[in-house]
Amino acid sequence: MKPTHIEHIGIAVRNLENAIALFERLLGTPCYAVEEVADQKVRTAFFMVGATKIELLEPTADESPIAKFIEKKGEGMHHLALAVADLPESLKELRDGGTQLIDTQPRSGAEGLQIAFLHPKSTNGVLIELCAGR
Ligand code: ZN
């Protein structure tokens, strides 16, 4: 696997509207997209920061992985997303190399991207998302 760049950094927030206002002030740039990802039970908001992005994630249900994360650890950095050219191939390569995967198959994420998460047990405690498709 050879990631091309850091696609985005995901931040878990309790209230998306408040967080959007805060990050618009902090980054000096408007949020360019708000999107609900039903599959992951989150609402997301995106900001461009140079060539990479910041993704805010608000849970839409108690059983959302983001709700569970906030309950355990509080708001804050949730994941690092790396862009790869070929997602299925990257997953196969990682699995063959002994990396534990949360998603063995790509699934649909925000912004029309195909995504998959690696298990933080295999990545020094960092939740890593791989994404492809843009
Ligand atoms: Zn993400």
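Count the sequence shown with my numbering and you get residues 34 to 167, in order.
Every residue, glycine too, gets a C-beta built ideally from N, C-alpha and C.
- The set of residues with a C-beta under 6 Å from any non-hydrogen atom of the ligand ZN comprises H41, G43, E88, H112, A114 and E162, given in chain order.
- Contact between A118 and L146 is ruled out by a C-beta separation of about 13 Å, above the 8 Å threshold.
- In the DSSP assignment, C164 forms a beta bridge with A116 and I148.
- The shortest C-alpha to C-alpha distance from I44 to any of A71, P92, P63 and D72 is the one to P92.
- The alpha-carbon of R76 is positioned some 23 Å away from that of G83.
- Out of L115, G142 and L160, the CA that lies nearest to the CA of I135 is found in L160.
- The shortest C-alpha to C-alpha distance from I148 to any of G131, H112 and N157 is the one to H112.
- Annotation: M81 to R140 spans about 23 Å, alpha carbon to alpha carbon.
- Excluding residues up to 5 positions away in sequence, M34, V117 and L163 lie with their Cβ nearer than 7 Å to the Cβ of S123 in the same chain.
- DSSP, reduced to helix, strand and coil, places E104 within a helical segment of the structure shown.
- Counting along the chain, the unbroken beta strand (DSSP E) around L89 starts and ends at T85 to P92.
- Taking C-alpha positions only, D129 is separated from E57 by approximately 42 Å.
- Linking T132 to E108 through their CA atoms gives a straight-line distance of about 27 Å.
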